[in-house]
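Okay, structure first, notes after.
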Amino acid sequence: MVGTRESFGLGLVRLYITVIVQTRLQLTFDPREESSWATLAKVDTCRDYVPFPAQPTCFQFRVISQAFKLLNLIINSEKKNMDNSTTGPTPKRIAVVTGSNKGIGLETCRQLLSNGVKVVLTARDEAKGAVALEKLRASAPTDVVFHQLDVTDPRSVDAFANFVKTQFGKLDILVNNAGILGKTPRSQLPPDSVSTGETYQGAEDCLNTNYYGAKRVTEALMPLLLISQSPRIVNVSSIYGKLQHIPSKDLQKEINDVDTLTDDQLDELVQSFLNDFKKGDLGKNGWPTQSSAYRVSKVAVNAYTRLLAKRFPTICCSCVDPGFVKTDMNGNAGILPVQEGAKVVVTAALLPDGSPSGLFYDANHVASYE
Ligand SMILES: NC(=O)c1ccc[n+]([C@@H]2O[C@H](COP(=O)([O-])OP(=O)(O)OC[C@H]3O[C@@H](n4cnc5c(N)ncnc54)[C@H](OP(=O)(O)O)[C@@H]3O)[C@@H](O)[C@H]2O)c1
Numbered sequence: 005m006v007g008t009r010e011s012f013g014l015g016l017v018r019l020y021i022t023v024i025v026q027t028r029l030q031l032t033f034d035p036r037e038e039s040s041w042a043t044l045a046k047v048d049t050c051r052d053y054v055p056f057p058a059q060p061t062c063f064q065f066r067v068i069s070q071a072f073k074l075l076n077l078i079i080n081s082e083k084k085n086m087d088n089s090t091t092g093p094t095p096k097r098i099a100v101v102t103g104s105n106k107g108i109g110l111e112t113c114r115q116l117l118s119n120g121v122k123v124v125l126t127a128r129d130e131a132k133g134a135v136a137l138e139k140l141r142a143s144a145p146t147d148v149v150f151h152q153l154d155v156t157d158p159r160s161v162d163a164f165a166n167f168v169k170t171q172f173g174k175l176d177i178l179v180n181n182a183g184i185l186g187k188t189p190r191s192q193l194p195p196d197s198v199s200t201g202e203t204y205q206g207a208e209d210c211l212n213t214n215y216y217g218a219k220r221v222t223e224a225l226m227p228l229l230l231i232s233q234s235p236r237i238v239n240v241s242s243i244y245g246k247l248q249h250i251p252s253k254d255l256q257k258e259i260n261d262v263d264t265l266t267d268d269q270l271d272e273l274v275q276s277f278l279n280d281f282k283k284g285d286l287g288k289n290g291w292p293t294q295s296s297a298y299r300v301s302k303v304a305v306n307a308y309t310r311l312l313a314k315r316f317p318t319i320c321c322s323c324v325d326p327g328f329v330k331t332d333m334n335g336n337a338g339i340l341p342v343q344e345g346a347k348v349v350v351t352a353a354l355l356p357d358g359s360p361s362g363l364f365y366d367a368n369h370v371a372s373y374e
């Protein structure tokens with residue numbers, strides 16, 4: 005059957021041809037059947053007309069022939085329009101960057117924007133987010149929106165996932181960047197202090213932000229990532245995420261064996277670290293004793309990245325060490341500018357299709373987990 009969705013012009017030409025064919029040429033012709041049009045389409049010169057019973061003048065036939073050319077022109081242009089509307093120009097990739105009101109996160113947004121990606125800048129504090137958004141809009145292409153996101157608050161995470169779903173219906177790039185040190189920096193302790201600067205509460209907050217926060221956000225956004233043609237997850241880790249920062253060889257082995265490690269086991273290990281912290285048993289049970297929560301959080305982030313890569317083979321999952329970057333996190337004692345740190349993150353976020361998943365990158369490319 006002839007399609008019902010056609011333009012007014014195409015309809016008119018079809019009607020014109022139908023009238024001519026049925027009245028002047030007296031041919032059996034059903035305009036609702038594609039087969040009738042196909043037969044007719046073969047006749048486009050007087051010579052071809054010979055098999056037809058009626059004998060129209062060459063002038064009549066030329067009129068029909070012209071009408072056919074017009075018909076073909078309209079059909080082809082409509083086909084082109086339909087092709088454009090289904091494939092269209094490549095839709096923009098959508099990226100979410102957690103904790104992006106400052107530091108490496110903000111610069112990551114800037115670089116993603118420069119690469120033509122639409123960015124959702126997020127911050128736990130609305131006011132800080134608004135300031136960052138203005139800063140970004142003043143210095144980069146403006147395809148950026150803001151939404152509040154506290155990675156430690158399940159309600160905030162759910163509301164955020166809902167926002168991304170209703171606004172974009174999919175997500176292409178997730179950068180889990182939000183992080184805290186979880187301790188008082190050495191520079192802020194009295195010079196004669198023997199304290200590590202860590203408290204149990206600080207350690208718990210650190211794990212809840214750096215590890216569980218990344219996990220919470222990833223799980224909430226996973227259905228939207230799975231819709232993307234080319235999804236990427238980048239977990240911002242650290243050189244402290246290397247297994248060598250866990251003194252116990254048994255713990256190292258357990259965490260490194262991602263073929264047998266499960267999500268639940270990883271969570272149990274993190275919980276046992278917190279229990280040992282509370283009991284003062286870190287050293288005894290093979291955990292680090294300096295910047296312990298930060299180190300364990302990043303080791304857990306790395307292991308989580310590898311588990312994600314295993315469980316979701318269609319997503320390119322990476323973790324990155326941005327280097328020692330000058331940001332508030334280290335009291336601006338870092339040596340690299342944020343541009344350098346964010347470059348490592350953005351390179352992983354924009355890896356070409358078919359790139360390997362589950363790898364750890366630093367500025368010198370693939371790094372060892374150990
Ligand atoms: N700087 C380095 O040398 C270095 C080295 C290795 C890895 N990293 C990693 O790089 C990432 C970014 O750190 P940075 O150096 O850029 O530090 P930063 O300047 O202190 O930025 C940290 C960002 O995380 C946000 N954040 C903290 N807790 C959050 C929460 N619960 N929910 C949402 N956002 C939260 C902060 O928001 P507020 O402004 O509200 O606090 C801030 O926007 C971190 O994961 C860090 O571990 C940094």
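For what it's worth, the numbering used here labels the leading residue of the sequence shown as 5, then goes sequentially.
C-beta: ideal position from N, C-alpha, C; glycine also.
Reduced DSSP category for residue i - H, G, I as helix; E, B as strand; rest coil
| i | result |
| --- | --- |
| Ser191 | helix |
| Phe328 | coil |
| Lys96 | coil |
| Leu255 | helix |
| Ile108 | helix |
| Ile339 | coil |
| Cys113 | helix |
| Leu286 | coil |
| Ile243 | helix |
| Leu178 | strand |
| Val135 | helix |
| Asn88 | Unreliable positioning characterises Asn88 in this predicted model, as indicated by a pLDDT of 47, which lies under 50. A coordinate reading is not provided. |
| Ala144 | coil |
| Leu119 | The sequence given here has Asn at residue 119, not Leu. In this structure, Asn119 counts as coil in the three-state DSSP scheme. |
| Ser232 | coil |
| Ser276 | helix |
| Pro227 | helix |
| Glu202 | coil |
| Val281 | For the sequence presented, residue 281 should be read as Phe rather than Val. Correct three-state label for Phe281: helix. |
| Ser160 | helix |
| Thr266 | coil |
| Gly217 | helix |
| Thr351 | helix |
| Thr293 | coil |
| Tyr308 | helix |
| Tyr53 | For Tyr53, the pLDDT reaches just 37, beneath the cut-off of 50, and the residue's location in the model is therefore unreliable, leaving the point undetermined. |
| Phe172 | helix |
Residues that DSSP places opposite residue i in a beta bridge
| i | result |
| --- | --- |
| Cys210 | Answer by DSSP bridge pairing: none, since Cys210 is not bridged. |
| Ala371 | Phe364 |
| Ala127 | Gln152 |
| Cys321 | Ile237 |
| Lys302 | Partner(s): none; Lys302 has no beta bridge. |
| Val101 | Leu125, Val179 |
Ligand 1 heavy atom lying under 7 Å from the CB of residue i
| i | result |
| --- | --- |
| Leu225 | no |
| Glu182 | Sequence inspection shows Ala at residue 182; the Glu mentioned does not correspond to that position. At least one heavy atom of ligand 1 is nearer than 7 Å to the Cβ of Ala182, so yes. |
| Ser242 | yes |
| Val155 | yes |
| Gly338 | yes |
| Ala127 | yes |
| Pro292 | no |
| Lys106 | yes |
| Phe328 | yes |
| Asp332 | yes |
| Asn214 | yes |
| Lys132 | yes |
| Gly335 | no |
| Gly109 | yes |
| Gly217 | yes |
| Gly103 | yes |
| Val325 | According to the sequence displayed, residue 325 carries Asp and not Val. Checking the Cβ of Asp325 against ligand 1 gives yes. |
Expected contact under 8 Å - CB spacing of residue i and residue j to nearest Å
| i | j | result |
| --- | --- | --- |
| Val349 | Val324 | 6 Å |
| Gly183 | Gly245 | Going by Cβ atoms, the distance from Gly183 to Gly245 rounds to 11 Å, so no, they are not a contact pair. |
| Thr112 | Asn181 | 6 Å |
| Val262 | Leu311 | 6 Å |
| Val155 | Thr213 | 6 Å |
| Phe281 | Ala207 | 5 Å |
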